[in-house]
Amino acid sequence: RSTLFPYTTLFRSPYRTAWQTISTHLAQSADPAAELRWLYERTSGWPDPRLANRLAQELLPRLLATRHTGEALDIARARLKTDADFRLPASGDLLNLARLARDAGDRPTARALLRDFHRFYPDDSQRAAADALIQQIDR
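So for the sequence shown, this note's numbering puts the first residue at 323; every next one is plus one.
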């Protein structure tokens with residue numbers, strides 16, 4: 323599907339330059355979400371989770387914005403299974419994902435996302451909302 327992407331460069335590059343290559347490609351892509359999906363699918367099983375985590379961090383907010391909530395939850399579950407410290411860069415996106423998990427009846431995923439919220443998002447304005455959500459999930 324992504325025939326123009328320099329796929330071999332990605333596999334030969336160290337992690338720090340791989341993301342630069344991906345960013346450049348995404349900026350030129352007509353459908354960055356499709357590119358992110360394609361790349362995520364191919365990197366999600368790698369032993370080193372850093373690149374798949376970074377791709378998921380870019381992809382999940384897009385999926386949430388376009389209401390692809392089932393796919394977003396599946397990716398979040400997979401990332402948490404691989405890396406218990408996986409989190410989204412924006413606390414608001416993380417809270418939305420945790421609410422989706424709660425509403426889908428997946429309290430373990432919601433708890434995992436909210437675990438150590440204060441450590442991942444110190445001094446965040448969403449702290450009270452995270453605490454309230456944790457209390458709702460634990461009822």
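We put the beta carbon where it would ideally sit given N, CA and C, even for glycine.
The model shown is predicted, which means the values in this text are computed figures rather than measured ones.
Report the three-state DSSP secondary structure of PRO354 (helix, strand or coil).
It is helical.
Would you report the Cα separation of ASP445 and ALA374, rounded to the nearest angstrom?
Distance between the alpha carbons of ASP445 and ALA374: 27 angstroms.
By the three-class DSSP mapping on this structure, what secondary structure does HIS390 have?
Of the three classes helix, strand and coil, the one that applies to HIS390 here is coil, per DSSP.
In three-state terms, what does DSSP make of GLY427?
GLY427: coil per DSSP, three-state reduction.
Could you spell out where the alpha helix (DSSP H) holding ASP405 opens and where it closes?
Taken as a continuous stretch (DSSP letters only), ASP405 belongs to no alpha helix (DSSP H), as it is neither H nor E.
Can you tell me whether DSSP reads PRO383 as helix, strand or coil?
Three-state DSSP puts PRO383 in a helix.
Could you please give the first and the last residue of the uninterrupted alpha helix (DSSP H) stretch that includes GLN458?
449-459 is the extent of the alpha helix (DSSP H) around GLN458.
Let me know the secondary structure DSSP gives SER366 once reduced to three states.
DSSP places SER366 in coil when its eight states are reduced to three.
In whole angstroms, what is the alpha-carbon distance linking HIS440 and LEU417?
If you take the alpha carbons of HIS440 and LEU417, they lie about 13 angstroms apart.
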